[in-house]
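Have a look at the structure below before the remarks.
There are 2 protein chains.
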Amino acid sequence: MYLFHKYLLHKYLLLKYLFHKPREPWQAIAKRAQDHRDATLAAVQPPVPDILELPLDSTLIPKTLLTQEELQITESDPMTLIQKMSSGVLSSEAVTNAFLRRAAVAQKLVNCVTELMPEAALWRTVSLDAYLKEHGKPLPISTKEMIHIAGLTCNAAFIVWHDRVPDKNAHILEILLDAGCVLYARTTQPQTLMYLETSSNYYRITVNPFNRNLTSGGSSGGKGALLGLRGSSLGIGTDIGGSIRVPAANNGVYGLRPTSKCLPNQGMTAPMPGAEHILGVIGPLSTSLPAIPLFVKTLLDAKPWLRDPSLVPLPWNTSPRFPVAAAGSKTIKIGVMYHDGVVQPHTPIYRVLQNLHTKLADVPGIEVTTFTPYKHDEAWDIIYSLYFADGGAEEKAALAASGAPWRPLSKFILSENLNVKPLSVPEVWDLTIKRDEYRNAYARHRAVSGIDVLICPVGPGAAPKVDCARYWGYTAQWNLLDYPALIAPVSKVLPIDILDPEFVAWNDQDAYNHSLYSPEKYANAPVSVQVVGRRFEDEKVVEAWAYVQEKLGLPWAEYV
Amino acid sequence: MYLFHKYLLHKYLLLKYLFHKPREPWQAIAKRAQDHRDATLAAVQPPVPDILELPLDSTLIPKTLLTQEELQITESDPMTLIQKMSSGVLSSEAVTNAFLRRAAVAQKLVNCVTELMPEAALWRTVSLDAYLKEHGKPLPISTKEMIHIAGLTCNAAFIVWHDRVPDKNAHILEILLDAGCVLYARTTQPQTLMYLETSSNYYRITVNPFNRNLTSGGSSGGKGALLGLRGSSLGIGTDIGGSIRVPAANNGVYGLRPTSKCLPNQGMTAPMPGAEHILGVIGPLSTSLPAIPLFVKTLLDAKPWLRDPSLVPLPWNTSPRFPVAAAGSKTIKIGVMYHDGVVQPHTPIYRVLQNLHTKLADVPGIEVTTFTPYKHDEAWDIIYSLYFADGGAEEKAALAASGAPWRPLSKFILSENLNVKPLSVPEVWDLTIKRDEYRNAYARHRAVSGIDVLICPVGPGAAPKVDCARYWGYTAQWNLLDYPALIAPVSKVLPIDILDPEFVAWNDQDAYNHSLYSPEKYANAPVSVQVVGRRFEDEKVVEAWAYVQEKLGLPWAEYV
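Residue numbers (the UniProt record's numbering), protein chains in the order written: chain A, 1 to 560; chain B, 1 to 560.
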């Protein structure tokens with residue numbers, strides 16, 4: 001018997017030896033990824049110097065390292081750049097190289113890039129310049145690493161997926177390349193892709209350009225930080241709980257979570273690809289508001305629904321949703337939601353919403369009203385359960401397979417919450433019914449308010465310190481409802497934004513969030529708002545905010 | 001110890017006695033439902049006589065029992081009726097009563113009604129006639145029993161749900177009532193709602209008006225039979241595998257399975273309401289082709305997406321998809337698919353498709369080509385697994401709870417197929433990925449063909465004998481792909497439609513289907529086709545067929 005056991009053990013080890021190559025230490029895999037990134041950075045010409053002393057606020061550093069022309073290019077609105085390239089004032093090569101240089105600086109400042117693509121990008125501009133005027137949009141675009149580029153590794157921040165190499169481009173990139181765009185930079189994302197910060201065993205932490213003690217947000221956090229430093233003016237992110245919006249808000253740029261099933265998101269690496277109870281979306285982040293509809297319209301003009309039959313064939317409607325009246329004003333009813341009834345936002349968020357409310361009331365044509373949240377705690381319970389209907393099994397297995405340590409927020413989201421448990425199919429159906437009933441009830445609630453668009457917080461505060469972004473309710477709410485939501489910068493955290501002396505915590509989550517804040521800790525962090533519309537009313541959201549922005553002279557800060 | 005056991009047993013029986021009322025025999029429940037139905041029939045005035053000798057072909061009987069005016073009304077196109085009621089030539093009371101009378105005759109002939117609503121319907125017409133001209137559409141509409149009407153029982157053919165009474169109308173009925181419609185008849189459906197015939201322990205079998213040895217189809221089979229006998233000119237059905245289309249085809253009327261998420265289907269009783277891997281849809285059956293777009297447009301004009309946020313806000317596009325060219329013809333490329341590569345349709349189906357193909361080739365502007373199916377067997381495997389992701393547990397439990405016997409096709413669909421098994425959440429995700437990959441591949445395949453619309457069989461034959469409709473592939477295919485599919489009558493089974501002497505079975509399913517057929521057994525059965533478009537191209541499908549029908553003088557039979 002003993003011999004038989006021994007025989008089996010021997011057999012087992014032999015098979016293991018034959019079929020499982022020994023696991024490479026995760027540190028070696030991460031090191032290789034970093035070396036590759038550094039090599040691509042080193043190929044940028046002229047080389048970008050190392051930055052020896054990293055300041056709290058990184059936003060001023062590029063001005064000391066780049067040429068006047070590079071600064072002018074990278075701080076231009078994308079619409080201006082496209083126009084100047086089309087008219088021959090700027091070459092697409094010069095524009096691409098300026099962004100490559102600034103992205104390299106951004107990497108050295110906040111650690112936001114997984115790789116640059118100087119050779120491929122500049123080679124492309126050579127061919128582009130020849131027929132630039134026909135194409136019209138040779139804008140450099142940055143992408144999130146999880147989005148497939150043929151021939152480049154795509155690991156989605158999972159160490160175990162380090163050698164996955166897609167053989168074709170994501171659908172969205174095919175369309176953008178056809179439109180003339182130039183791909184030149186890929187950006188970082190967090191372990192699991194499922195939290196609102198960016199840290200991983202590949203690249204460690206992507207910090208906030210405005211205050212390196214704070215997070216850049218996530219999961220499109222590399223993208224947000226790169227845009228915050230103007231290393232990109234237009235980039236692609238993804239969002240299933242706030243992953244476009246939180247990085248946009250934390251870094252003072254625009255971002256749109258579009259209604260699902262409008263933009264093509266086939267061709268990406270992520271866990272749970274078959275789950276459809278809550279749909280992830282792809283969308284733009286930009287330093288410019290007009291670039292947001294330009295991006296969406298470029299995609300929809302290509303009729304992506306012909307190739308991807310899961311999409312709804314709705315073109316971007318360019319006729320005004322709010323026509324200008326005879327008096328020169330637009331008639332818009334805006335709701336302001338100060339909190340979601342679950343976690344109270346920090347002082348600067350309240351200040352900004354109150355200022356907007358007051359000033360909007362004075363804009364001709366605009367009616368502004370306070371919007372009452374409807375059971376956002378229930379929404380959070382439903383969406384949290386549906387995110388990980390397998391109890392997080394796939395994510396946990398992928399993490400375990402590499403042997404690399406869990407990041408604190410991976411633990412928080414996958415292991416410390418009672419809602420994460422393996423569900424049976426009938427349990428998923430029950431939750432789906434609850435989801436739909438909640439969606440119906442919210443539609444009624446919203447209809448009663450009579451508002452066109454809603455202005456609300458993006459989160460319970462500006463960018464927090466790393467490992468503290470534990471409450472997704474302000475963004476996940478609109479994922480559950482599948483409402484389009486635009487992020488727009490408004491202000492920054494100011495010394496006047498002191499703690500509310502009369503604060504009383506509503507619950508543990510609220511108390512935790514309150515404990516994070518002081519105006520000193522959050523100094524200089526951008527303060528943004530979320531502008532939310534009804535499902536499929538993406539155009540309305542963008543148009544309403546463009547009008548508000550113009551009327552109120554937003555943003556109320558020189559550089560956010 | 002023995003005493004203790006005895007004590008527990010006693011306790012158990014006591015509790016059982018106290019909390020479980022004895023189960024009512026299912027026969028008593030069914031009897032009550034039939035008595036209720038008969039009482040509502042008896043309230044129709046003047047009374048409809050019993051029909052003592054039931055002929056093989058029921059379609060001529062109404063002519064012997066109804067008045068000339070009633071015949072004229074019930075055999076009119078709904079568009080004509082609406083116009084005549086609007087202009088005051090006909091009262092809505094006369095129209096409603098004519099349909100009530102003919103529906104009562106239909107019930108006595110083919111057993112297709114669960115109840116008539118003479119009092120409520122006629123009371124409504126009294127109030128309607130007063131402001132008829134404003135409303136414009138006081139058309140009597142029949143509904144499938146599973147669709148909620150406030151205050152009426154809704155059992156969805158499950159005995160155990162005999163006492164379910166919704167407290168509000170289905171969304172779709174609210175809109176139709178607002179548009180002036182009159183509800184006057186509810187129709188039968190099969191046990192489980194999940195097969196393409198109509199038989200249940202409530203009402204037994206709904207037979208085919210054209211040949212009572214054949215099935216009326218299902219699950220909207222009561223509806224199909226009622227329309228086949230002109231006891232209704234426009235009715236509402238539902239379809240997750242062919243349940244609108246097969247009854248429409250079997251009874252020689254029009255039916256549309258619209259693209260999902262267009263028409264409001266909230267407010268119905270059915271098992272697995274939270275399942276969304278394969279979406280059921282609601283849609284019209286009618287004796288008239290123009291009434292199909294009228295129905296859809298009436299619903300979409302009410303903007304149902306404002307109340308039901310799961311819907312896509314796409315209005316019915318009335319501008320021609322195929323504009324008429326200078327020469328007076330429309331340019332349409334039509335594919336003809338003769339079989340799905342899995343089960344070969346019977347002779348009359350081939351005959352009709354070949355005739356259409358030949359004649360279409362002669363119509364100016366129309367290009368016609370043979371369309372090759374793409375892996376329809378794979379589609380069938382995927383959809384079959386996704387229908388019952390809980391292994392049919394909910395259906396089986398609902399059946400078991402009543403103690404009533406299983407119908408043969410309930411057994412076939414739930415217990416005799418290897419694809420029906422309880423799946424885990426990750427298994428459902430894997431199948432969902434397969435589903436989406438298949439959808440993508442089919443979109444490519446279809447794009448290569450360059451066709452605008454496809455003409456194909458509705459099933460592997462005309463209406464079969466009861467308990468024989470075992471192959472859903474021809475309709476379920478378009479549920480899996482979520483393509484809009486219109487059913488249109490073309491011909492009937494003729495004595496010339498003899499068995500193909502060179503038939504060789506491709507597989508067991510094919511051999512079984514072949515064994516069912518002879519022109520004698522299927523005598524007089526309507527032969528219809530299915531016209532299929534790309535997702536969200538419902539308008540294109542209807543417009544293309546209207547053109548074909550006009551050019552070819554369809555249908556090629558006096559009464560189908």
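No residue lacks a Cβ here, since even glycine has one placed at the ideal position from N, Cα and C.
Predicted, not measured: the structure shown is a model, and the values here were computed from it.
Counting along the chain, where does the alpha helix (DSSP H) carrying residue i start and finish?
i, result
"A:Thr475", "473 to 481"
"A:Val165", "Segment: none, A:Val165 is in no alpha helix (DSSP H) and carries neither H nor E."
"A:Tyr374", "Here A:Tyr374 belongs to no alpha helix (DSSP H), and DSSP marks it neither H nor E."
"A:Asn97", "92 to 110"
"A:Leu65", "61 to 65"
"residue 561 of chain A", "Nothing about residue 561 of chain A can be reported from this structure: the residues present for chain A run from 1 to 560 only."
"B:Pro293", "291 to 301"
"A:Ser410", "408 to 415"
"A:Gly222", "221 to 228"
"B:Leu177", "171 to 178"
Would you kindly report the start and end of the unbroken beta strand (DSSP E) that includes residue i?
i, result
"A:Leu116", "113 to 116"
"B:Leu234", "234 to 239"
"A:Tyr184", "182 to 187"
"B:Lys144", "140 to 144"
"residue 578 of chain A", "There is simply no residue 578 of chain A to check, as chain A begins at 1 and stops at 560 in what is shown."
"A:Pro313", "Counting along the chain, A:Pro313 falls outside any beta strand (DSSP E), and DSSP gives it neither H nor E."
"A:Arg245", "A:Arg245 -> not in any beta strand (DSSP E); alpha helix (DSSP H) instead, spanning 245 to 250."
"A:Ile282", "281 to 286"
When you compare each of the options to residue i by their alpha carbons, which one comes out closest?
i, options, result
"A:Thr64", "A:Ile498, A:Leu56, A:Pro49, A:Asn355", "A:Pro49"
"A:Val95", "A:Arg535, A:Thr206, A:Tyr184, A:Arg212", "A:Tyr184"
"B:Glu69", "B:Cys181, B:Glu53, B:Leu90", "B:Leu90"
"A:Leu139", "A:Val110, A:Asp77, A:Arg186", "A:Asp77"
"B:Ala557", "B:Ser288, B:Gly252, B:Ala170, B:Arg446", "B:Gly252"
"B:Ile349", "B:Thr59, B:Arg37, B:Glu75, B:Gln530", "B:Gln530"
"A:Leu454", "A:His445, A:Glu416, A:Ala462", "A:His445"
"B:Pro555", "B:Val336, B:Lys492, B:Ile382", "B:Lys492"
"A:Pro313", "A:Phe322, A:Lys303, A:Arg321, A:Ser319", "A:Lys303"
"B:Ala98", "B:Met117, B:Ser86, B:Thr238", "B:Met117"
"B:Pro373", "B:Ala103, B:Tyr438, B:Thr188", "B:Tyr438"
"B:Leu320", "B:Leu486, B:Glu145, B:Glu539", "Looking at the sequence shown, residue 320 of chain B is not Leu but Pro. When each option's Cα is compared against that of B:Pro320, the closest is B:Glu539."
"A:Lys168", "A:Gly391, A:Asp430, A:His148", "A:His148"
"B:Phe536", "B:Tyr483, B:Val490, B:Ser87", "B:Tyr483"
"B:Leu214", "B:Trp545, B:Leu516, B:Ala546, B:Lys411", "B:Leu516"
Run through the DSSP bridge pairs and tell me what residue i is partnered with.
i, result
"B:Ile455", "B:Val336, B:Val531"
"A:Thr192", "Per DSSP, none; premise fails for A:Thr192."
"B:Ala488", "B:Val529"
"A:Pro422", "A:Asp390"
"B:Glu197", "Answer by DSSP bridge pairing: none, since B:Glu197 is not bridged."
"A:Ile147", "A:Met268"
Here's a check: name, in chain order, each residue in its chain whose Cβ is nearer than 6 Å to the Cβ of residue i, leaving out the five neighbours to either side.
i, result
"A:Leu423", "Ala389"
"B:Asn265", "Ile282"
"A:Leu14", "The predicted position of A:Leu14 is uncertain, since its pLDDT is 49 and thus under 50; a value taken from the coordinates is nonetheless stated next. Around A:Leu14: no qualifying Cβ."
"B:Ala291", "Pro78, Leu234"
So, for residue i: in the same chain, excluding its five sequence neighbours on each side, which residues have a beta-carbon less than 7 Å away from its beta-carbon?
i, result
"A:Lys108", "Val48, Asp50, Ile51"
Residues in its own chain within less than 8 Å of residue i by CB, not counting five upstream and five downstream?
i, result
"B:Trp161", "Cys154, Asn155, Thr269, Ala398"
"B:Val363", "Ser329, Val548, Lys551, Leu552"
"A:Leu128", "Ser92, His135, Pro138, Gly180, Val182"
"A:Trp305", "Leu311, Val312, Pro313"
"A:Met1", "Since pLDDT at A:Met1 reaches only 41, below the 50 mark, its modelled position is unreliable, and the value read off the structure follows with that caveat. None."
Inside the segment 494 to 560 of chain B only - beta strand (DSSP E) runs reaching at least 3 residues: 526 to 532, all fully within the segment 494 to 560 of chain B.
If we require 4 or more residues per run, which alpha helix (DSSP H) segments fall completely within the segment 34 to 79 of chain A? As far as the segment 34 to 79 of chain A is concerned, its whole alpha helix (DSSP H) runs of at least 4 residues are 61 to 65, 68 to 74.
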